[in-house]
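*Asks:* Numbering (this note's numbering), first residue to last: 258 to 666.
For every residue, glycine included, the Cβ atom is placed at its ideal position computed from N, Cα and C.
Below you can see the structure in the form of structure tokens.
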């Protein structure tokens with residue numbers, strides 16, 4: 258794998274830390290600002306919505322400059338947003354800081370996915386994307402637990418100041434290691450927008466919203482769930498997040514490995530298992546050991562869907578993938594926002610801290626249904642076009658057979 262992927266992973270590490278660390282600090286932030294836990298959950302929802310809207314906006318604004326320079330500008334925005342959160346005098350200002358930082362998130366991963374895929378051979382694209390996302394997953398093993406520990410020990414403001422410093426390191430890494438890559442000739446905003454006429458692109462994005470939303474329905478409220486239901490001490494949230502992060506790392510690498518071999522079957526297995534595990538979490542959350550195991554499984558199964566879903570979009574938006582790739586990152590966070598909001602609703606309705614797990618199970622099951630519909634439509638279209646595509650054409654990545662003639666059964 259090219260060394261430039263390390264630079265992308267460094268940036269992803271900083272972004273992943275700020276995205277997920279807030280979950281372990283919700284009680285501290287809520288207490289300092291005098292708001293309820295569901296209200297503090299808006300810091301998750303607001304960030305996710307910022308990613309969703311910021312991804313296409315920032316990608317469009319960056320169409321006139323090189324991808325490397327745009328990645329550097331995005332890291333600068335990320336740094337500014339985290340500094341604002343660190344010094345926020347009120348909950349509203351902190352929410353604004355979270356949104357500012359989130360504007361960089363979607364475009365960074367969207368553009369970064371395209372850059373990562375362009376750096377390697379066609380049969381290693383999903384693996385390269387997974388390598389970049391490894392920074393995001395490792396953040397949950399190292400950055401998030403340490404950030405949670407720092408926030409619970411010396412204050413959450415220090416955590417966000419440290420995250421801003423991580424952004425500076427990521428910016429330096431991109432400037433040093435990512436090569437200047439010329440933009441594809443003849444690709445305009447009109448070409449990028451045309452990708453959204455493809456029903457398969459839209460289906461992949463819908464799978465992203467529902468599938469990863471299922472993960473966040475449970476994980477957003479992991480701190481109160483584990484302390485109030487499972488009976489863990491407040492300090493235990495840190496190592497529980499480590500388990501979640503370890504699951505993410507493993508799931509991301511497995512998803513990247515098998516997405517290059519059997520993309521749609523990988524989605525069937527991971528989404529189906531995720532729905533089952535989330536439903537079971539309603540029961541296992543009452544036992545410390547079972548709860549810990551379940552948290553790791555949610556991380557693994559959730560992130561096993563990330564490389565195949567991102568590659569699915571890149572394949573289907575072939576020729577003009579940048580905007581579609583960025584919008585799909587926004588779709589991940591639309592799912593995060595939707596599930597965090599729904600999770601807050603069921604808690605506020607008095608259904609208990611385990612109720613969001615049912616929300617997540619339903620969302621993941623919906624994503625599985627869409628995956629089956631997508632594959633069925635693709636088989637029908639291939640048969641209608643007379644391409645001679647084999648029934649498992651989606652196994653090779655979901656692209657039309659004529660696009661990848663070298664793919665073997």
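In angstroms with no decimal places, state the Cα-to-Cα distance between residue 504 and residue 397.
*Replies:* Computed Cα separation, rounded: 9 Å.
*Asks:* For the alpha helix (DSSP H) that residue 611 lies in, which residues bound it at each end?
*Replies:* Element bounds for residue 611: n/a, residue is neither H nor E.
*Asks:* Under DSSP, the alpha helix (DSSP H) around residue 309 begins and ends at which residues?
*Replies:* Segment 299–318, the alpha helix (DSSP H) holding residue 309.
*Asks:* Starting from the C-beta of residue 669, find all residues in its chain whose C-beta is less than 6 Å away, skip the five residues before and the five after it, and write them out in chain order.
*Replies:* With the chain covering only 258 through 666, there is no way to say anything about residue 669.
*Asks:* Mind pulling the alpha helix (DSSP H) runs of 4 or more residues that sit fully within the region 525–579?
*Replies:* Complete alpha helix (DSSP H) runs here, min 4: 545–560, 563–573.
*Asks:* Under 7 Å Cβ to Cβ from residue 387, same chain only, skipping five residues before and after it: list those, please.
*Replies:* Within the same chain, residue 387 has close Cβ partners 509, 510, 512, 513, 564.
*Asks:* Counting only the same chain and skipping the five closest in sequence on each side, list residues whose C-beta sits under 6 Å from that of residue 304.
*Replies:* Closer than 6 Å at the Cβ level, and outside the excluded window around residue 304, lie 355, 359.
*Asks:* Suppose the cutoff is 6 Å on Cβ atoms and the five residues either side in sequence are ignored; what does the same chain contact list for residue 599 look like?
*Replies:* Closer than 6 Å at the Cβ level, and outside the excluded window around residue 599, lie 616.
*Asks:* Pick helix, strand or coil for residue 378, following the three-state DSSP scheme.
*Replies:* Coil at residue 378, not helix or strand.
*Asks:* From the DSSP output, in three-state form, read off residue 270 for me.
*Replies:* Residue state, collapsed to three classes: helix.
*Asks:* Just to confirm the assignment: which complete alpha helix (DSSP H) runs, minimum length 4, are found wholly within the region 452–536?
*Replies:* Runs of the alpha helix (DSSP H) inside the region 452–536: 456–476, 479–482, 493–516.
*Asks:* Thinking just about the alpha-carbon of each residue, which of 325, 631, 490 is nearest to the one in residue 464?
*Replies:* For residue 464, the nearest C-alpha among the options comes from 631.
*Asks:* Kindly indicate the opening and closing residues of the alpha helix (DSSP H) around residue 396.
*Replies:* Residue 396 -> no alpha helix (DSSP H), and no H or E assigned at all.
*Asks:* Residue 449 by DSSP, collapsed to three states: which one?
*Replies:* DSSP places residue 449 in helix when its eight states are reduced to three.
*Asks:* For residue 419, collect the residues of the same chain with a Cβ closer than 8 Å to its Cβ; drop the 5 residues on either side in sequence, then sort them by chain order.
*Replies:* Answer for residue 419: 404, 407, listed in chain order.
*Asks:* Specify the secondary structure class of residue 321 as computed by DSSP and reduced to three states.
*Replies:* Three-state DSSP puts residue 321 in coil, outside helix and strand.
*Asks:* Looking only at its own chain, which residues have a Cβ that is under 6 Å from the Cβ of residue 459, when we skip the five neighbours before and after it?
*Replies:* Nothing meets the Cβ criterion.
*Asks:* With a threshold of 9 Å between beta carbons, is residue 630 in contact with chain D?
*Replies:* Annotation note: the requested chain D is absent from the structure, which comprises a single protein chain.
*Asks:* Excluding sequence positions up to five away, which residues of its chain have a Cβ less than 7 Å from the Cβ of residue 283?
*Replies:* Contacts found: 294, 297, 298, 480.
*Asks:* In this structure, does DSSP put residue 627 in helix, strand or coil?
*Replies:* Residue 627: helix per DSSP, three-state reduction.
*Asks:* Here's the rule: buried if 16 or more other CB atoms are within 10 angstroms of the residue's CB, otherwise exposed. What is residue 488?
*Replies:* With fewer than 16 Cβ atoms within 10 Å of its Cβ, residue 488 is classed as exposed.
*Asks:* Could you tell me whether the Cβ atoms of residue 281 and residue 494 are closer together than 9 Å?
*Replies:* It is a contact, given that the beta carbons lie within the stated cut-off.
*Asks:* Kindly confirm or deny that the region 526–533 and the region 467–474 touch, where touching means at least three C-beta pairs closer than 8 Å.
*Replies:* They touch, by the three-pair rule.
*Asks:* Between which two residues does the alpha helix (DSSP H) carrying residue 419 extend?
*Replies:* Per DSSP, residue 419 belongs to the alpha helix (DSSP H) from 413–434.
*Asks:* On the criterion of 16 or more Cβ atoms from any shown chain inside 10 Å, does residue 431 qualify as buried, or is it exposed?
*Replies:* With 16 or more Cβ atoms within 10 Å of its Cβ, residue 431 is classed as buried.
*Asks:* For residue 358, does the three-state DSSP call read helix, strand or coil?
*Replies:* Helix at residue 358.
*Asks:* For residue 390 and residue 319, what's the separation of their Cα atoms in angstroms?
*Replies:* Straight-line Cα distance between these residues: approximately 22 Å.
*Asks:* Quick one: Cα of residue 557 to Cα of residue 447, how far?
*Replies:* For residue 557 and residue 447, the distance between alpha carbons rounds to 37 Å.
*Asks:* Which whole-angstrom value is the C-beta distance of residue 497 and residue 461, which I expect to be below 8 Å?
*Replies:* 31 Å between Cβ atoms; not a contact.
*Asks:* Where does residue 640 fall in DSSP's three states?
*Replies:* Residue 640 falls in the helix class under three-state DSSP.
*Asks:* When you compare the CB positions of residue 538 and residue 614, do they come within less than 9 Å of one another, or not?
*Replies:* Contact flag set, yes.
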